[in-house]
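Numbering (the working numbering), first residue to last: 17 to 700.
Every residue gets a Cβ at the ideal spot worked out from N, C-alpha and C, and that includes glycine.
These numbers come from a predicted model, not from an experiment.
Below you can see the structure in the form of C-alpha cells.
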C-alpha cells in the first residue's frame, strides 16, 4: 500500500514537472469558470420564487408592441423573472425592460436584452438595484418595449387568469384578463443553506476530477467511474423526486416488486407513508421539493397502517429492470427509513447498477474508451441513472454489449466460456424490454471467425448470443405480418365495395380517424396516409429528437439546457469520435449500424403511431395533418454508442495528446449543467 502511494506521488510530481504551464493555465481557467458561472446565476441560486405559474398566451415584442404590467410588490424581492419565447427561431432584435415603483417613481431596473441571447420557453432573471418595500412602493410597474421588426422579436408569456390581486396588464393599452408570467425572487435561509452544501460538494468533487485528469491521469475506467459517481450523486439530489419522465410509475413498480421480495400478499398495497407525493410536482423540477427535502429528510417513519392501492400494476410491465430500485427500497423499509430516505435509497441502487456497467464497459473495450466514457456520463444518461427510470437498465446494458462487441472484434484475448455466458445473459436481459435495442446483438456476426476457432463454432456461438433478439423479433413481427396479410385479404376478397368505401378512400383523412385515436385498423385501411403521418412527424421532430438524445431536455423534458452547452457537448462528442484508435470498424459494419439505427427508429415511430397518435384538430391545423405524439429524444440515446464510432476515419484523426483537454472541457460543461439545473429549480 505504501509503495502504491509513493508511486502515485511520483507520478503526480512527474506530470506536474512535464506540463507545469498547461496545468497551471487549465486550473486558472477552471477557477475562472466556477467564479464566473456562480456570479452569472447569483440572482436565482439559493432563493425561492413566487408568482404566476401559468403561460397560456404569448405576444411578440416588436416595434408596435408595448407591454405594461402593474402588480403588487413582494417585500424583500431583489429580482424578478419573466418567461420569454424565441418561437424556435433565431431572432435579431432587442427589447427594453424597465421596473419602476408606481408610487415613488423609483427605477428598480433598466435593461436592454438582445433577443438572440434568450432561451426558448425559459425565464429571464432581472436583478433589482434594491429590495422591494411595500411601504415605499405598494405596487411596481414592469414595462416592455422593443425595436425589433415583426418576425424578429422575442415573445413574452402571459396568463388568461389573474395571478396577482389588484394587478393590471395592458398590451398596446388594451387591458388583458391575466398577468405576465412573472415571478419574484426572495432569499430563503433553508434553500440558501441547501444551495451552499450542494455547490460546495460540486466544486470540491469536480475540482478533484480536474486534478485527476491533469496530475494523475488514471485509467479511463477509473476516471469515468469517479465522474459517474460525482455527477450521478449530484443529479440524484438536485433532480427532484417524480420529475424524471414516468418516475412516479417506475417508483410504484419498484414498490410493488419490493412487496413481492418481502412476501406481501397483495403487491399493489402499500402504506400511505410511501405514497406521500406532496410538494413533488410530476415532470417539473420545483424548489418546493428542495424545501421538503430539508424539512422532512430526518423525520421519523410514521406508519399509520392505512394502506392504499397503487395506481400502476407492475404485472403489466417487465420486472427485471426494476430489481436494483426494488432492492434499495426493500433495504430502506427493513431499516425503517421514512419515505424520502427510502426513495433516495432506491435511486441510489439504480445509480450503483449503472456505474458498475460503465466501469465494466470502459474497462473491457479496447477502442473508443474516451468516447464511451463521455457518452455514458452525458446529462441525459446520468439523470436517468440517478432516478427510478428503467432507462438506466437499458443504457447500462447497451454500453456493456457494445464494449464486449469491440473486445471480441479487436482484442487478442481469448473468448472464455465465462465471458461468453456473461454476454449471452446481458443480451437475454435487454431483448425482452424493448426489442429495438436487442437488434444490435446481430452486430456480433462481425466478430472474426478466428476468434471462435472455426466457422462452425462462430455460427453456433452467434446464434446463441442473438437468440433472445431473434425470439423477441419473431414474437413481435409474426402476429403483425399475419394481421397485415389477413387485412389485405379481407379488403381484396371479403369486403364489398360500395359508394361509401370508394368515397372514404378519396378523402384525405380516413373515416375511422375522425375524433379518435389512430389505430392499426387505420394503418391497414390507408397505409399511404400512415406513411405520410410518419414522414411528417420525422420532418418536424428529427432535430428535437437528436438533441434530446444526448440531453438537451432534462427533468420532465421541461428543463431545456442552453443551446451553447448543447452544441459544445455535441462538438465534444464529434472530437472524441475522431480520436485516433488502434483499430477501426470496417465500412460494412458502419453501414449495418446505420441501417439498424434507421430501422430501430422507424420501429419506435411506427409503434407510437398506433398508440400515441390522437387526431387533434389543432395539431392538424398547425402541421397540416395528424402527428405522432409521445416520442422523446431519450428513446434514441442507446443508439449513440453505435452511431458516434462510425464517424472515425483514416483522414481526420485527433491525437491522444488532446485527451486531457477534451476531458477538461467535459468537466467544465458538466459543471455548467449542474449550476443551470439548480438555477432553473430555484426559479420554479
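One or two residues paired with residue i in a DSSP bridge
| i | result |
| --- | --- |
| residue 23 | According to DSSP, which records beta bridges pairwise, residue 23 is partnered with nothing at all. |
| residue 112 | 128 and 161 |
| residue 75 | 172 |
| residue 66 | 200 |
| residue 140 | 98 |
| residue 479 | Note: residue 479 sits in no beta bridge, so no partner. |
| residue 286 | 324 |
| residue 85 | 158 and 185 |
| residue 190 | 187 |
| residue 576 | 569 |
Buried versus exposed call for residue i [16 or more other C-beta atoms within 10 Å across all chains shown]
| i | result |
| --- | --- |
| residue 523 | At residue 523 the pLDDT is 43, less than 50, meaning the model places this residue with poor confidence and gives no usable figure here. |
| residue 278 | exposed |
| residue 564 | buried |
| residue 363 | buried |
| residue 48 | exposed |
| residue 583 | exposed |
| residue 324 | exposed |
| residue 683 | buried |
| residue 51 | exposed |
| residue 511 | Confidence in residue 511 is poor, its pLDDT being 46 and thus under 50, which makes the residue's placement too unreliable to answer from. |
| residue 437 | exposed |
| residue 139 | buried |
| residue 98 | buried |
| residue 395 | buried |
| residue 686 | buried |
Contacts around residue i, its chain only, beta-carbon distance under 6 Å, and the 5 residues preceding and following it disregarded
| i | result |
| --- | --- |
| residue 370 | 401, 408 and 412 |
| residue 308 | 295 |
| residue 319 | 287 and 289 |
CA-to-CA distance, residue j to residue i, given in whole angstroms
| i | j | result |
| --- | --- | --- |
| residue 128 | residue 110 | 7 Å |
| residue 350 | residue 287 | 14 Å |
| residue 527 | residue 621 | Because residue 527 sits at a pLDDT of 39, beneath the cut-off of 50, its placement in the model cannot be relied upon, and the following sentence gives the value as read from the coordinates. Approximately 23 Å between the Cα atoms of the pair. |
| residue 271 | residue 330 | 9 Å |
| residue 34 | residue 663 | 33 Å |
| residue 600 | residue 591 | 16 Å |
| residue 467 | residue 39 | 43 Å |
| residue 254 | residue 377 | 27 Å |
| residue 446 | residue 431 | 21 Å |
| residue 224 | residue 43 | 11 Å |
| residue 334 | residue 688 | 36 Å |
| residue 185 | residue 93 | 20 Å |
| residue 477 | residue 410 | 23 Å |
| residue 547 | residue 77 | 39 Å |
| residue 652 | residue 562 | 8 Å |
| residue 484 | residue 648 | 26 Å |
| residue 680 | residue 57 | 22 Å |
| residue 525 | residue 267 | Because residue 525 sits at a pLDDT of 45, beneath the cut-off of 50, its placement in the model cannot be relied upon, and the following sentence gives the value as read from the coordinates. The straight-line gap from Cα to Cα measures roughly 40 Å. |
| residue 280 | residue 274 | 9 Å |
| residue 433 | residue 440 | 11 Å |
| residue 212 | residue 130 | 31 Å |
| residue 104 | residue 85 | 25 Å |
| residue 312 | residue 306 | 10 Å |
| residue 179 | residue 68 | 5 Å |
| residue 556 | residue 639 | 9 Å |
| residue 611 | residue 487 | 20 Å |
Contacts around residue i, its chain only, beta-carbon distance under 8 Å, and the 5 residues preceding and following it disregarded
| i | result |
| --- | --- |
| residue 465 | 471 and 474 |
| residue 423 | 380, 381, 382 and 429 |
| residue 232 | 24, 27, 28 and 31 |
| residue 615 | 455 |
| residue 310 | 206, 207, 209 and 210 |
Nearest neighbour of residue i, chosen from the options [CA to CA]
| i | options | result |
| --- | --- | --- |
| residue 459 | 609, 476, 303 and 681 | 609 |
| residue 102 | 133, 120, 118 and 117 | 133 |
| residue 112 | 675, 170 and 58 | 170 |
| residue 143 | 182, 104, 374 and 114 | 114 |
| residue 264 | 449, 126 and 404 | 404 |
| residue 417 | 198, 481 and 359 | 481 |
| residue 141 | 332, 100, 353 and 194 | 100 |
Beta-carbon contacts of residue i that lie in its chain and below 7 Å, excluding the five residues immediately before and after
| i | result |
| --- | --- |
| residue 672 | 595 and 596 |
| residue 696 | 301 and 575 |
| residue 236 | 378, 385, 386 and 389 |
| residue 365 | 340, 341, 343 and 344 |
| residue 462 | 425 and 605 |
| residue 617 | 652 |
| residue 656 | 391, 565 and 566 |
Near the ligand NAD: residue i beta-carbon under 8 Å from a heavy atom
| i | result |
| --- | --- |
| residue 411 | Questions concerning the ligand NAD fall outside what the structure shown contains, since it holds no ligand whatsoever. |
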